[in-house]
Amino acid sequence: MRFLDFHGCGTGRNNSKKSSLFPIAKNRTRCLQSKQQRKKRAMEKIEKNMKRMKKEMEEISEEQRSIREGQRQVRQMFEAMEEECKQLRGETKLITMQSRSTQLRLFLMFQILKARENNDLVTATELTRCLRLVPFAFHSKCLIVHVSELHKKRRSQILTRKQQNLV
2 MRFLDFHGCG TGRNNSKKSS LFPIAKNRTR CLQSKQQRKK RAMEKIEKNM KRMKKEMEEI
62 SEEQRSIREG QRQVRQMFEA MEEECKQLRG ETKLITMQSR STQLRLFLMF QILKARENND
122 LVTATELTRC LRLVPFAFHS KCLIVHVSEL HKKRRSQILT RKQQNLV
C-alpha cells in the first residue's frame, strides 16, 4: 500500500526505493477527465433540456396566440350576430305594424260595405274618411277616437275586433 504526502512523494514501508509517480498521475488525469466529461455531459443535458423547454414555450405561446385570435373571431361573429338580430327585430316590428295596419284597413272596408248595404251613407262616408287616415292615425291611435264618435255600437265592435287582431 502506498501513501502520498503533500508533494506527491510516497511514504511508508518502501521509502528507500523511489518508484515512479507516473501511474498515480495517470490516474489523476483520468479522474479529472472523467469529472470534466461528467460536467460536460451534465451541461449538454441542461442545454438540451433548455432547448426543449424553449421549444415548448414557443409552442405554448403560439397556441395562446391562436386562442386569442379565435376568441377575437368569436367576439366579432357574436357582435355581427347581435347586429343582425337587432336589424331583424326592427324588420319584424315593421312587418307587424304593416300587418296591423292592413288588418285595420280590411276591417274598415268591410264596415263600409255593410254601411252601404244598409244605406247608411253617413257612416260609410265617415268610415271612408277614417280609412284614408289609417297609415297616419294607426300610429297615433286617433283613429279609434275618430271611429268612436260615430256611435257606441260601432265603437265596441271596432275595439273588440282591434283587440282580437292585436293579440
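Take 2 as the starting number for the sequence shown in the numbering used here and just add one per residue. Each residue gets a CB set at the ideal place from its N, CA and C atoms; glycine is no exception. All of these numbers come straight from a predicted model, not from anything done at the bench.
Residue i by DSSP, collapsed to three states: which one?
i   : result
N50 : helix
For residue i, count neighbouring C-beta atoms within 10 Å of its own C-beta (all shown protein chains included) and say buried if the count is 16 or more, exposed if not.
i    : result
Q72  : exposed
E60  : exposed
A116 : buried
I113 : buried
F108 : buried
L105 : buried
E85  : exposed
L95  : exposed
L122 : exposed
Q127 : Reading off the sequence shown, one finds Glu at residue 127, where the question assumed Gln. Counting Cβ neighbours within 10 Å, E127 comes out buried, since at least 16 surround it.
Can you check which of these residues, the options, is closest to residue i by C-alpha distance?
i    : options             : result
P136 : R101, T124 and I113 : R101
Can you give the beta carbon distance from residue i to residue j, rounded, assuming they're within the 8 Å contact cut?
i   : j    : result
L89 : M110 : Wrong, their Cβ atoms sit about 31 Å apart, outside the cutoff.
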